[in-house]
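**Student:** Straight run, no breaks: the sequence shown in this note's numbering ends on number 85.
Ideal placement from N, C-alpha and C gives every residue a C-beta, glycine not left out.
These numbers come from a predicted model, not from an experiment.
Got a structure for you, written out below as structure tokens; questions coming shortly.
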Amino acid sequence: MPRLLIKGTEAAMATASGSASTFGSATVVRVVNTATNADHLVTVAESAGGTVVGTFTLMRSESALIEKQNSHVIFAAAAAVKGAKVGYTN
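Next comes the structure, spelled out in structure tokens:
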């Protein structure tokens, strides 16, 4: 796993498109599903309430790094999914 530069505070994901977040205009967001009994859908959209760019299922107790445009927003099916702005470091 790459070393990460922490650039923001972890927060629960919005659960609706209209309240989705850019995570401080992040281009890389670390997401983690804190649920131990459920997988949750994560969605990236062009803007809050805008066109969906893509989706994926984040398995229970797993994490992932999402690379996105700084204006794109992220939301999840449950607030058990948390996100934080990060960057890569050498």
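For M8 and S16, what's the separation of their Cα atoms in angstroms?
**Tutor:** Taking the straight line joining both Cα atoms gives about 8 Å.
**Student:** Quick one: measure Cβ to Cβ for V117 and G78, integer angstroms, because I've assumed they're closer than 8 Å.
**Tutor:** Any answer about residue 117 is impossible in this case: the structure gives the chain only from -4 up to 85.
**Student:** Let me see if you follow: with CB-CB separation under 9 Å, is K63 close to chain B or not?
**Tutor:** Of the protein chains in the structure, only one exists, and it is not chain B.
**Student:** In terms of residue numbering, what span does the beta strand (DSSP E) encompassing R25 cover?
**Tutor:** Counting along the chain, the beta strand (DSSP E) containing R25 begins and ends at V23 to N28.
**Student:** Measure the alpha-carbon distance for A74 versus I61 and round it to whole angstroms.
**Tutor:** Cα to Cα, the separation comes out at about 17 Å.
**Student:** Candidates N32, S20, L36 and L0: which alpha carbon is nearest N68's?
**Tutor:** The question names Asn, but residue 68 in the sequence shown is Val. Comparing Cα positions, the closest option is S20.
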